[in-house]
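Order-wise, the sequence lines are chains W and S.
Going by my numbering, the first sequence opens with residue 1, and the numbers climb by one from there.
Going by my numbering, the second sequence opens with residue 298, and the numbers climb by one from there.
Heads up: the structure comes next, in structure tokens.
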Amino acid sequence: MIKRVNFQRHKPLAFLLLAPQMLVLAIFVFWPAAQALYQAFTITDPFGQHSTFVWFDNFRDVLTSPEYFNSIYRTAIFSTGTTASAVLAGLGFAVLVDRVARGKSVYRLMIIWPYAVAPVLAGVLWLFLFHPIYGAIALMLKQGFGIPWNPLLDGSDAMLLVIVAAAWKQVSYNFVFFLAALQAIPRSLIEAAAIDGAGPIRRFVSIVFPLISPTTFFLLVINVVYAFFDTFGIIHALTQGGPGGATDILVYKVYADGFLGLDLGLSSAQSVILMILVIGLTAVQFRYLERRVKYAQ
Amino acid sequence: MIERTPKLDLFCHLLLIAGVVAVCLPLYYALIAATHTLSDVLQVPMPLTPGNELLANLKVAIERGDLGRQLVNSLIVSVGVTVGKIAVSILSAFAITYFRFPFRMTAFWLIFATLMLPIEVRIVPTYAVAAHPLQGLGWLLDETGLRGPLESLTGWNIEAVVKWSLLDSYAGLILPLMASATATFLFRQLFLTIPEELLEAAKIDGASPIRFLIDVLWPMSRTNVVALTVILFVFGWNQYLWPLLITTEASMTTAVIGLSKQISAAPEAVPKWNTLMASALLITLPPVMVVIVLQRWFVKGLVDSEK
Numbered sequence: 001m002i003k004r005v006n007f008q009r010h011k012p013l014a015f016l017l018l019a020p021q022m023l024v025l026a027i028f029v030f031w032p033a034a035q036a037l038y039q040a041f042t043i044t045d046p047f048g049q050h051s052t053f054v055w056f057d058n059f060r061d062v063l064t065s066p067e068y069f070n071s072i073y074r075t076a077i078f079s080t081g082t083t084a085s086a087v088l089a090g091l092g093f094a095v096l097v098d099r100v101a102r103g104k105s106v107y108r109l110m111i112i113w114p115y116a117v118a119p120v121l122a123g124v125l126w127l128f129l130f131h132p133i134y135g136a137i138a139l140m141l142k143q144g145f146g147i148p149w150n151p152l153l154d155g156s157d158a159m160l161l162v163i164v165a166a167a168w169k170q171v172s173y174n175f176v177f178f179l180a181a182l183q184a185i186p187r188s189l190i191e192a193a194a195i196d197g198a199g200p201i202r203r204f205v206s207i208v209f210p211l212i213s214p215t216t217f218f219l220l221v222i223n224v225v226y227a228f229f230d231t232f233g234i235i236h237a238l239t240q241g242g243p244g245g246a247t248d249i250l251v252y253k254v255y256a257d258g259f260l261g262l263d264l265g266l267s268s269a270q271s272v273i274l275m276i277l278v279i280g281l282t283a284v285q286f287r288y289l290e291r292r293v294k295y296a297q
Numbered sequence: 298m299i300e301r302t303p304k305l306d307l308f309c310h311l312l313l314i315a316g317v318v319a320v321c322l323p324l325y326y327a328l329i330a331a332t333h334t335l336s337d338v339l340q341v342p343m344p345l346t347p348g349n350e351l352l353a354n355l356k357v358a359i360e361r362g363d364l365g366r367q368l369v370n371s372l373i374v375s376v377g378v379t380v381g382k383i384a385v386s387i388l389s390a391f392a393i394t395y396f397r398f399p400f401r402m403t404a405f406w407l408i409f410a411t412l413m414l415p416i417e418v419r420i421v422p423t424y425a426v427a428a429h430p431l432q433g434l435g436w437l438l439d440e441t442g443l444r445g446p447l448e449s450l451t452g453w454n455i456e457a458v459v460k461w462s463l464l465d466s467y468a469g470l471i472l473p474l475m476a477s478a479t480a481t482f483l484f485r486q487l488f489l490t491i492p493e494e495l496l497e498a499a500k501i502d503g504a505s506p507i508r509f510l511i512d513v514l515w516p517m518s519r520t521n522v523v524a525l526t527v528i529l530f531v532f533g534w535n536q537y538l539w540p541l542l543i544t545t546e547a548s549m550t551t552a553v554i555g556l557s558k559q560i561s562a563a564p565e566a567v568p569k570w571n572t573l574m575a576s577a578l579l580i581t582l583p584p585v586m587v588v589i590v591l592q593r594w595f596v597k598g599l600v601d602s603e604k
């Protein structure tokens, strides 16, 4: 779209205004992306001198390797766990804060602040609580309930730890959106239902939840994207994909294969697969936007 | 208040308090660790109330690492990314909505496409570009055979230009993070809602495009700029993957990276949790304060940037 009234005679200026953004995009986004695409179809010798075009060999290698399947599986567990707990907790907090009459702003403040904590620091804070030797919660689990707990050695403990850290950071985001959605519901609807004799729980199930379902769907997509791409710091600082590949999610694997394994072809093929994934998720997100427009009318 | 449900209300409060305690627990434990000596922290069980060693621990944390320097770096990077992103996006949104020129829609779709290319999926080649951003130029000059004549004609040392690197520099930390599809869209949406009459009036008064941008559009976008600033500042401060790759010197890296390197440096040894937690608190303070103090703007920015 363009404004009906616009500047007709200033074409060079328009290009000048666009130039900074376009330069940054060309140098740091499109050129590297094109290179990833090119490298995904070639094999480079260890000294980086020579590259051979090999069609889909890299993709075949990636998609047939057991490590990659392990990574897909771990990513599925991680993103499902993170998304489910972060969305549920965010919804729970929002419903409660929306309901209580006193102390709203204090509660809100206490829930919002983790958004500002860096993912890595979130990981460090939780590691401190769950550390097998001196973590307070780990000790409680061990001595109080007799549960052996060691995220440094046990794969499922490690997975649980990164899910907790990742979800904790995302709860505040979901909370903000759910609270906004809840406050946008017309009071008259809830009051009418109350007059008809529906209790708080019945009202939530039959009226509130259906009305905020577009927000829920939107947050599910956003949280999956977050779990896929924004949690690198947590994994890198806490587990480095270990123990034994138990938390080796896709984003971490691209980094590990490219920078630690120095296999450009394999890493680039994974990059391309991830790009396809992002395109898919963005498409889903935009379909949702269309739906929201319908809801509003 | 729709009906009186004192028992349910009490239950809600209890649930909320339990939840809030769970959310704030990591912070409280960090605070305890940061206010005791190392031997106290490593006791089993750990003390449950804060001690009074906070200042001593902070002092050690700042003196030992390059924490002070790294905090300054973090500030430079987050302010740079915030200002850069806002400037670049406001200019391109202005161009796209107020000018009619060839390839206008191409530019729009190019910016849009970057939504689908987050830095995480193109790490390796982006790093290669940042290491030598002008390598393509050198290749071009070699291929066209212009390098020799150009060097002798102007006296420039082309080799030095081509070898120019962004590693361990502020430009390298900031520039690749500066492009922003979401901020551009935000300003575009905003500009589309501004009445056409404003530009008509400005044109009658003989205002140039730049004057119109500065005197009409900028004041009208101020609230959005503030909201966006909160989000972008936190985004810039908490960057992890990119600074991790592009900096190798401790004096050029950001505070977040500096801290995580201290932890992973000695995985077997016992980290000095008390000073570590003191620096963690110090590093977390600026973005948390920004979010808390500008809470209203933060919520607006969060909701706006997802439209």
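We put the beta carbon where it would ideally sit given N, CA and C, even for glycine.
With fewer than 16 other CB atoms across the displayed protein chains lying within 10 angstroms of its CB, S/Leu437 is exposed. DSSP places S/Phe396 in the strand class (E or B) of the three-state scheme. Secondary structure of W/Thr52 (DSSP, three-state): strand. Contact of W/Trp149 with chain S is not assigned, every C-beta pair being separated by 7 Å or more. In this structure, the CA atom of S/Leu474 is about 12 Å from the CA atom of S/Ile420. With a minimum length of 3 residues, there is no unbroken run of beta strand (DSSP E) contained wholly in the segment 100-166 of chain W. When the five nearest sequence neighbours on each side are left out, the beta carbons in the same chain lying within less than 8 Å of the beta carbon of S/Ala428 are those of Ser462, Leu463 and Leu464, in order along the chain. Any Cβ of chain W closer than 7 Å to the Cβ of S/Ala457 would place that residue at the interface, and such an atom is absent.
A direct Cα-Cα distance of roughly 19 Å separates S/Ala390 from W/Val29. By the C-beta density criterion, S/Asp512 is exposed, having fewer than 16 other C-beta atoms within 10 angstroms. For W/Thr42, same chain residues with a beta-carbon under 7 Å away, outside a window of 5 residues either side, are Ser51, Thr52, Phe53, Val54 and Gly265 in chain order.
W/Val120 and W/Thr247 have their C-alpha atoms roughly 15 Å apart. The distance from the Cβ of S/Ala327 to that of W/Phe69 is about 38 Å, inconsistent with a contact at the 8 Å cut-off.
In the three-state reduction of the DSSP assignment, W/Phe41 falls in the coil class, being assigned neither a helical nor a strand state. Runs of the alpha helix (DSSP H) lying entirely within the segment 208-271 of chain W, each at least 4 residues long, are 209-229, 232-238 and 250-255 in chain order. Contact between S/Ser518 and S/Leu487 holds, with the beta-carbon distance rounding to 6 Å and staying under 8 Å. For the pair S/Asp337 and W/Leu141, the Cα-to-Cα distance works out to about 21 Å.
Not a single C-beta of chain W is nearer than 7 Å to the C-beta of S/Phe532. The beta-carbon separation of S/Ala319 and S/Met574, rounded to 19 Å, does not stay under the 8 Å limit for a contact.
Closer than 7 Å to the CB of S/Ile383 there is not a single CB belonging to chain W.
Note that the segment 224-244 of chain W does not touch the segment 58-65 of chain W; fewer than 3 beta-carbon pairs, one per stretch, sit closer than 8 Å. The straight-line gap separating the alpha-carbon atoms of S/Trp453 and S/Pro430 is approximately 18 Å.
Unbroken alpha helix (DSSP H) runs of no fewer than 4 residues, entirely contained in the segment 412-496 of chain S, are found at 420-428, 432-441, 444-451, 455-460, 467-471 and 478-489, following chain order. Beta-bridge analysis with DSSP links S/Phe405 to no other residue. Counting the other Cβ atoms within 10 Å of the Cβ of W/Phe145 gives fewer than 16, which makes it exposed. Between W/Pro12 and the set S/Arg397, S/Leu307 and S/Leu368, the nearest pair of CA atoms involves S/Arg397. Exposure of S/Gly503 is indicated by the presence of fewer than 16 other C-beta atoms within 10 angstroms of its C-beta.
The segment 158-170 of chain W and the segment 108-122 of chain W touch, with three or more beta-carbon pairs separated by less than 8 Å.
Across the set S/Tyr467, S/Leu582, S/Thr545 and S/Val596, the C-alpha of S/Leu582 shows the shortest separation from the C-alpha of S/Leu324. About 28 Å separates the CB atoms of S/Ala577 and W/Leu250; that is not less than 8 Å, and the two are not in contact. For W/Leu179, the CB contacts under 7 Å within the same chain, skipping 5 residues up- and downstream, are Ala94, Val97 and Asp98 in chain order. Taken atom to atom, the span from the alpha-carbon of W/Ile27 to that of S/Glu497 is near 37 Å.
Residue contact check for S/Ile501 against chain W: no CB pair falls below 7 Å. When the Cα atoms are used, S/Pro516 and S/Leu510 turn out to be separated by approximately 9 Å. Cβ neighbours of S/Thr544 within its own chain (closer than 6 Å, five residues either side excluded): Asp465 and Thr550.
Contacts between S/Pro415 and chain W, judged by CB atoms closer than 7 Å, involve Phe229 and Val278 in chain order.
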